[in-house]
Amino acid sequence: MHEVDRMTLKSVELKRTYSSDYDDILHEFYIPALRESNEYNRLAGFFSSGSLAISVRGILSLIKNGGYMKLIVSPKLSRDDVKAILDGYEHPEKYIEQKMIKDLEKIEDLFIKDHISVLGWMVANKKLELRVAVGYDEERKLLSYDAMQERCIFHQKVGILKDSDGNAITFSGSVNETAMGWLENIEEFKVFRNWIKLEREYVDADIEKFSRFWDNQSPRVKVIDLPYAVRSKLIEFAPNDITHVDLERWYQKSQTHKM
């Protein structure tokens with residue numbers, strides 16, 4: 044009797060680089076790669092409803108596979124926010140909690156609401172653990188506003204996908220979240236595979252980087268659990284039945300628009 048072939052990340056046809064200018068990144072990368080994964084770790088840059096929506100594209104494939112996600116985000120603070128904290132008027136973590144809740148409360152865009160609803164379902168069903176990274180200087184004081192724009196993990200977009208056979212791929216690059224409309228974001232990234240000898244060191248480096256942040260081992264970043272109030276707010280978006288959520292309708296509309 045022949046053993047039934049099992050699909051793994053090795054079976055996914057991967058390019059070395061992707062750009063949303065000419066690639067259908069959702070259907071050519073995210074969905075097929077997440078379909079073969081059981082773990083997805085991601086550094087998502089600044090916390091905003093839009094960046095959260097971007098981070099879960101194709102995630103229904105992971106959910107159907109029984110997978111689990113770890114996500115690290117950073118609070119997006121204005122110059123006035125940072126000043127209020129540094130001047131001692133606000134406790135950093137409480138202030139950050141309030142900012143995150145306000146961002147979620149003002150969501151009106153249906154595209155973003157649909158994607159956030161999936162995140163909420165994942166949090167409620169213990170399929171997603173989300174942590175918050177805050178930039179500090181060598182004296183463990185909150186970074187100044189200007190330093191926040193340049194340092195720590197705020198501009199890093201790194202994703203790690205693993206399957207049950209120990210195969211792993213990582214991707215890193217950029218997402219332009221200021222582009223016109225969420226469906227028109229410019230995304231570019233490179234992909235590395237741990238089963239290719241020349242690429243393995245890049246995969247290992249990305250995994251080590253994520254683990255260092257996740258375990259709060261970076262000297263310039265303090266990583267905290269998602270505040271309970273923010274977690275509760277996310278869960279409010281969760282649908283009763285995840286199978287009724289159809290995220291692809293947004294991307295079909297986008298493809299039609301581009302033709």
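In this text, residue positions in the sequence shown follow this note's numbering: the first is 44, and each later residue adds one. We put the beta carbon where it would ideally sit given N, CA and C, even for glycine.
Check whether the region 245 to 258 and the region 201 to 208 touch, using three or more Cβ-Cβ pairs below 8 Å as the test.
yes
Taking just the CA atoms, how far does K265 sit from I139?
Against the sequence shown, residue 139 aligns to sequence position 96. Against the sequence shown, residue 265 aligns to sequence position 222. Each residue's Cα considered, the two are about 13 Å apart.
Could you pull out every residue in the same chain whose Cβ sits closer than 7 Å to the Cβ of G101, ignoring the five residues on either side in sequence?
As a working note, residue 101 is residue 58 in the sequence shown. Within the same chain, G101 has close Cβ partners L69, Y73, I74, L77.
Which partner residues of L114 appear in the DSSP bridge assignment?
Residue mapping note: residue 114 aligns to position 71 of the sequence shown, counting from 1. R85, L173, per the DSSP bridge assignment.
Counting Cβ pairs closer than 8 Å, one from the region 123 to 133 and one from the region 93 to 100, do we hit at least three?
no
CA-to-CA distance, L173 to P87, given in whole angstroms
On the sequence shown, position 44 is the one that residue 87 refers to. On the sequence shown, position 130 is the one that residue 173 refers to. Looking at the sequence itself, residue 87 is Ala, so the reference to Pro does not match. In a straight line, the C-alpha of A87 is about 11 Å away from that of L173.
The region 151 to 161 touching the region 174 to 184, judged by at least three CB pairs closer than 8 Å:
no
In three-state terms, what does DSSP make of K149?
As a working mapping, residue 149 is identified with position 106 in the sequence shown. Looking at K149 - three-state DSSP - the assignment turns out to be coil, as it is neither helix nor strand.
Should the region 233 to 246 be called in touch with the region 205 to 214, which here means at least 3 C-beta pairs below 8 Å?
yes
Can S80 and L105 be called in contact, C-beta distance under 8 Å?
Within the sequence shown, numbered from 1, the residue matching residue 80 stands at position 37. Within the sequence shown, numbered from 1, the residue matching residue 105 stands at position 62. Going by C-beta atoms, S80 is nearer than 8 Å to L105.
Top-ranked residue by Cα proximity to D166, from D268, W293, S54, G131
Taking the first residue of the sequence shown as 1, we reach residue 166 at position 123. Looking at the sequence shown, residue 166 is not Asp but Val. Minimum Cα distance to V166 is reached at D268.
Are G163 and F89 closer than 8 Å when you measure CB to CB?
Counting from one through the sequence shown, the residue named residue 163 turns up at place 120. Counting from one through the sequence shown, the residue named residue 89 turns up at place 46. It is not a contact, given that the beta carbons lie outside the stated cut-off.
Tell me the DSSP secondary structure of A127 in three-state form.
Position 84 of the sequence shown, counted from the first residue, corresponds to residue 127. Correct three-state label for A127: helix.
Are there any heavy atoms of the ligand ADP lying less than 7 Å away from the beta-carbon of I155, as far as the coordinates show?
What this structure holds is no ligand at all, so the ligand ADP is not there to describe.
Since S207 and D146 should fall inside the 8 Å C-beta cutoff, what is the C-beta to C-beta distance between them, to a whole number of angstroms?
Sequence index remark: in the sequence shown, residue 207 carries index 164 (1-based). Sequence index remark: in the sequence shown, residue 146 carries index 103 (1-based). Actually they do not touch by this definition, with Cβ atoms about 35 Å apart.
DSSP beta-bridge partners of Y138:
Counted from its first residue, the sequence shown places residue 138 at position 95. In the DSSP output, where bridge partners are listed per residue, Y138 has none listed.
State buried or exposed for R59, treating a residue as buried only when at least 16 other CB atoms are found within 10 Å of its CB.
Mapped onto the sequence shown, residue 59 falls at position 16. Exposed is the call here.
Give me the Cα-Cα distance between L171 and W293, rounded to the nearest whole angstrom.
Counting from 1 along the sequence shown, the entry for residue 171 is found at position 128. Counting from 1 along the sequence shown, the entry for residue 293 is found at position 250. Rounded to the nearest angstrom, the two C-alpha atoms are 23 Å apart.
Can you give me the start and stop residues for the beta strand (DSSP E) that G93 sits inside?
Position 50 of the sequence shown holds residue 93. Taken as a continuous stretch (DSSP letters only), G93 belongs to no beta strand (DSSP E), being part of the alpha helix (DSSP H) at 92 to 98.
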